[in-house]
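Let me begin by presenting the structure, written as structure tokens, before commenting on it.
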Amino acid sequence: MTSTTAAVRAGLARGRAEVRQTLTNGQDLWNYIFPSMVFLIVMFFMRDSTVPGTTFSLGSRTLPSVIGMGIAFGGLVTLMMQLAVEREDGTLLRAKAIPNGMLGYLIGKIVTVSGMTVVAQSIVLIPSLFMLDGITIDWFTLIWVMALGLVATLPLGAVAGSMFSNTRNTGIIMLPVMGLVAISGIFYPISAMPEWVQGLAQVFPIYWLGLGMRSAMLPDGLSAVEIGESWRHLEMLGVLGAWAAAGLIVAPMVLRRMARRESGSSVAERREKAMQRVT
């Protein structure tokens, strides 16, 4: 068995163990359940409103966009936060000491975040199928969009997480992410926005994840409010695939560079600063 194969197997095992641990830890599980419950409550109150010009439930129209946003947040924000925390507490330094340890660590995190993202979105989706009308799921489209979306966003989360050695600074990323959510047609049809905003939103994965989820869950007639009046699966595949390819090339290089800068003294210094903040 090569060291790379061993690292991959160790990463998969680590990821499965972390998923089990999260599912049995009340505080960690609550961090995933609470946002899902908030979205369920919002859509419950939206269920009797209709999309302007139609009789289709506004809650049903919002559901797939919320799930697309949840996938993007899982890949971008959750992985970023976990990397920053474990860089600060020395977990990354320990991974660095093992042959191909960073590869195993990254695979483990991808498995963990992907697994818990699926769990979190299932908490939103399953009750909504009983609560909302008009949802008809194309499972093939839903699965390939979710899988490709995670591959497109997880490396970006890894790159963002490697930029911060202090968890307090990760909030810097949240502002641009929320800005992208606002212009990506998650809660408001993007076709009603200025053309330059539409062009900007289409560069990033969040818009395409929302569009992909809408194409998997909504009637074809509702594509009339989208750009080009279609679901544009080929363009979706191209943009998400490009982000995935770029991320898979760049993320390992960035993580290796970050790992080379890690040392026992730098971890000790960050711990001391963290203790000073607490006291």
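FYI, in full-length UniProt numbering the residues of the sequence shown are 1 to 279. Glycine included, every Cβ here is placed at the ideal spot set by N, Cα and C.
Residues bridged to residue i [DSSP beta-bridge criterion]
i: T112; result: In DSSP, T112 forms no bridge with anything.
i: S57; result: T50
Residue j beta carbon less than 8 Å from that of residue i
i: M217; j: P64; result: yes
i: V159; j: V38; result: no
i: S36; j: L132; result: no
i: P189; j: V239; result: no
i: I110; j: L154; result: yes
i: F157; j: L79; result: Position check: residue 157 holds Gly in this sequence, whereas Phe was assumed. It is a contact, given that the beta carbons lie within the stated cut-off.
i: V124; j: L40; result: yes
i: L150; j: G53; result: no
i: P219; j: T136; result: yes
i: I227; j: S191; result: yes
Cα-Cα separation between residue i and residue j, rounded to whole angstroms
i: I126; j: R232; result: 26 Å
i: S230; j: R214; result: 11 Å
i: V51; j: L23; result: 37 Å
i: G134; j: L248; result: 37 Å
i: A120; j: F34; result: 9 Å
i: A95; j: G101; result: 5 Å
i: G26; j: I98; result: 31 Å
i: S184; j: G212; result: 12 Å
i: G199; j: G179; result: 14 Å
i: G15; j: I67; result: 22 Å
i: R257; j: V177; result: 25 Å
i: A246; j: D48; result: 42 Å
i: W196; j: Q202; result: 10 Å
i: I172; j: E86; result: 18 Å
i: T55; j: T62; result: 14 Å
i: F45; j: S60; result: 11 Å
Beta-carbon contacts of residue i that lie in its chain and below 6 Å, excluding the five residues immediately before and after
i: I186; result: S65, M69, G210
i: V19; result: T112, G115
i: W243; result: A152, P205
Classification of residue i by the beta-carbon crowding that lies within 10 angstroms, buried from 16 upward
i: I71; result: buried
i: F204; result: buried
i: V145; result: buried
i: A17; result: exposed
i: L129; result: exposed
i: F73; result: buried
i: W208; result: buried
i: Q21; result: exposed
i: V77; result: buried
Neighbourhood of residue i by C-beta, 8 Å cutoff - its chain only, sequence neighbours within 5 removed
i: L103; result: T4, A7, V8, G11, P252
i: G241; result: L148, A152
i: T141; result: G212, S215, A216, H233
i: L29; result: T22, L23
Contacting residues, own chain, Cβ-Cβ under 7 Å from residue i (five flanking each side not counted)
i: I107; result: V8, G11, L12, G15
i: V181; result: M69, I206
i: Y32; result: M116, V119, A120
i: P194; result: none
Near the ligand ATP: residue i beta-carbon under 7 Å from a heavy atom
i: V111; result: Of ligands this structure carries none, so the ligand ATP is not represented either.
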